[in-house]
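Structure first, commentary second.
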Ligand SMILES: Cc1cc2nc3c(=O)[nH]c(=O)nc-3n(C[C@H](O)[C@H](O)[C@H](O)COP(=O)(O)OP(=O)(O)OC[C@H]3O[C@@H](n4cnc5c(N)ncnc54)[C@H](O)[C@@H]3O)c2cc1C
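In this note's numbering, the protein residues as written are 31 to 441.
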């Protein structure tokens, strides 16, 4: 429920009500029901924030893995999402101008869909609606944290919402404020950061032909290009574009008019879906790998982009964060049962112990794929030819790739 004035004490304060913070709050309240601790979500963007300035529920689309569907189902959110997702039945992976391509399909993997594409804005509508009707979660927006410091049994926060400044004590702070967190800087939590020297250009694209629920991942000379199926709108065959390009090319592409941009895109993507008939507004994101050197301290845990920001090439960021959320909620549930403090290192370490391997694997998978497919050095070209070939012909390689892509991680 929306509130205007926060209380002085909460068991849990979530900083950031974006895709990860809002999903965590829902998962916790759904899992613990009447035993749910008191939760406050603080979000910097308000309902009047312009769409282009809303950092989470913006113009992008997200490919949710099959595993993420299961997590949203357990949060009773899938029913609301079902009407706005487009299932992926097939994934075609190819390397422009070279032999070697691979096809993954739902029949072989024995699932209803390999994944689902949702527009971030639609995910935001569903998550925010649930937050507003929750009797457990309090939601304060727009509001920001002015100061945060550790105190015995938790953290002390100073929060401002334009009407006033409030001092709040939290037993546990769940930090989900995204990849440019000033709060981490304030607390001296460092990030290991490596720029990929690439930008992702995103837009919605219309094609002459229907996508037939196929997602395309095409590796071009300028970088990986993903075309994801979207719901038709006003008779348009719509797809979502994520085009990774080197820094020096991104400016030029962003300055192209629609006709020039469509021509460049058509050349890189080819004619798989016929002619490109339209392009929406374009947005550009700098890409880097950024990993927090500490994810937990007494009274605080980092979730989502502030914990690990990955390259979007394999669509792993939110999917990994949802698995983190699921593991953290389990650890907190266990703490409630054993009456352990929610912010204790015992509780938080049990979460990290469970997720560490999954995080390392997703980071390695994304980083290796990015580096392998972003360079035309002879060894890389040969390795990716071999990679695509093995993906095509070796069932065990296909299975393991598909499982990582579908977010089906064995626990
Ligand atoms: C081009 C692109 C495509 C992607 N595609 C996929 C995909 O297909 N599949 C996938 O799984 N992942 C994908 N990702 C990754 C995914 O977008 C991220 O994992 C996700 O956005 C992380 O969400 P977050 O809530 O941690 O951070 P953010 O989305 O950055 O949200 C942070 C929230 O915190 C709020 N906030 C910030 N500071 C404060 C403060 N001081 N006080 C209060 N609130 C604050 C912000 O307003 C915002 O709402 C993609 C990323 C990019 C760049």
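Even for Gly, the Cβ is constructed at its ideal location relative to N, Cα and C.
Query - Neighbour-count burial assignment, residue 342, 16 or more Cβ in a 10 Å radius - result: buried
Requested in this report: Could you spell out the range, first to last residue, of the beta strand (DSSP E) harbouring residue 160?
Outcome: Counting along the chain, residue 160 falls outside any beta strand (DSSP E), though it belongs to the alpha helix (DSSP H) covering 150-163.
Query raised in the report: DSSP on residue 221, reduced to helix/strand/coil?
Result: strand
Query raised in the report: What residue does the alpha helix (DSSP H) around residue 368 start on, and which one ends it?
Result: 347-368
Query raised in the report: From residue 387 to residue 358, what distance separates their C-alpha atoms?
Result: 14 Å
Requested in this report: On a CA-only basis, which of 351, 194, 379 is nearest residue 174? Give me that one, please.
Outcome: 194
Report task. Write down every uninterrupted run of the alpha helix (DSSP H) in the segment 41-126 whose length is 4 residues or greater and which is fully enclosed by it, in chain order. Result -> 49-62, 96-104, 108-111
Requested in this report: Please list, in chain order, all residues of the same chain as residue 207 whose beta carbon is under 7 Å from its beta carbon, the five residues on each side excluded.
Outcome: 45, 46, 213, 336
Query raised in the report: Are the Cβ atoms of residue 231 and residue 312 separated by less than 8 Å?
Result: yes
Report task. Answer yes if the segment 358-371 comes into contact with the segment 60-70, meaning at least three C-beta pairs across the two stretches below 8 Å, and no otherwise. Result -> yes
Report task. Return the CA-CA distance between residue 381 and residue 361, expressed in angstroms with no decimal places. Result -> 6 Å
Query raised in the report: Since residue 72 contacts residue 170 with CB under 8 Å, what's their CB separation in whole angstroms?
Result: 5 Å
Query raised in the report: Thinking just about the alpha-carbon of each residue, which of 373, 402, 115, 153 is nearest to the one in residue 204?
Result: 373
**Report entry** Secondary structure of residue 312, DSSP reduced to three states
**Finding:** coil
Report task. Compute every distance between the C-beta of residue 332 and the non-hydrogen atoms of ligand 1, then say whether any falls below 7 Å. Result -> no
Report task. Look at residue 147 and residue 270 and say whether their C-beta atoms are less than 8 Å apart. Result -> yes
Query raised in the report: Exposed or buried, which one is residue 379 when buried takes at least 16 other CB atoms within 10 Å?
Result: exposed
Requested in this report: Hey, could you find the ends of the beta strand (DSSP E) residue 283 is sitting in?
Outcome: Careful: residue 283 lies outside any beta strand (DSSP E), inside the alpha helix (DSSP H) at 277-285.
Requested in this report: Determine the DSSP secondary structure at residue 212, reduced to helix, strand or coil.
Outcome: helix
**Report entry** Buried or exposed by the 16-neighbour rule on C-beta atoms within 10 Å, applied to residue 163
**Finding:** exposed
**Report entry** Endpoints, the alpha helix (DSSP H) within which residue 294 is located
**Finding:** 288-299
**Report entry** Local conformation of residue 440 per DSSP, three classes
**Finding:** The predicted model places residue 440 with a pLDDT of 46, which falls under 50 and marks its position as unreliable, so this point remains unresolved.
**Report entry** Spatial neighbours of residue 316 in its chain, beta-carbon cut-off 7 Å, leaving aside the 5 residues before and after
**Finding:** 229
Query raised in the report: Opposite residue 254 in the DSSP bridges: which residues?
Result: 249
**Report entry** residue 178 CB to nearest heavy atom of ligand 1 below 7 Å
**Finding:** no
Requested in this report: Count the other CB atoms, across all protein chains shown, that sit within 10 Å of the CB of residue 305; report buried if there are 16 or more and exposed otherwise.
Outcome: exposed
**Report entry** Spatial neighbours of residue 326 in its chain, beta-carbon cut-off 8 Å, leaving aside the 5 residues before and after
**Finding:** 332, 375, 378, 379, 381, 382
Query raised in the report: How far does the alpha helix (DSSP H) with residue 137 in it reach, from first residue to last?
Result: 136-139
Report task. With hydrogens ignored, establish whether the beta-carbon of residue 336 is closer than 7 Å to any heavy atom of ligand 1. Result -> yes
**Report entry** Member of 241, 330, 355 whose CA lies at the smallest distance from the CA of residue 41
**Finding:** 330
Query raised in the report: So residue 209 and residue 320 are in contact, right, with Cβ under 8 Å, and what is the actual spacing, rounded?
Result: 6 Å
Requested in this report: Let me know if residue 43 comes out buried or exposed under the rule of 16 or more other beta-carbons within 10 Å of its beta-carbon.
Outcome: buried
Report task. With a threshold of 16 other CB atoms inside 10 Å of the CB of residue 92, please say whether the residue is buried or exposed. Result -> buried
Query raised in the report: Which class does residue 385 belong to by DSSP, given the choice of helix, strand or coil?
Result: helix
**Report entry** Counterpart residues of residue 32 in DSSP-defined beta bridges
**Finding:** 169
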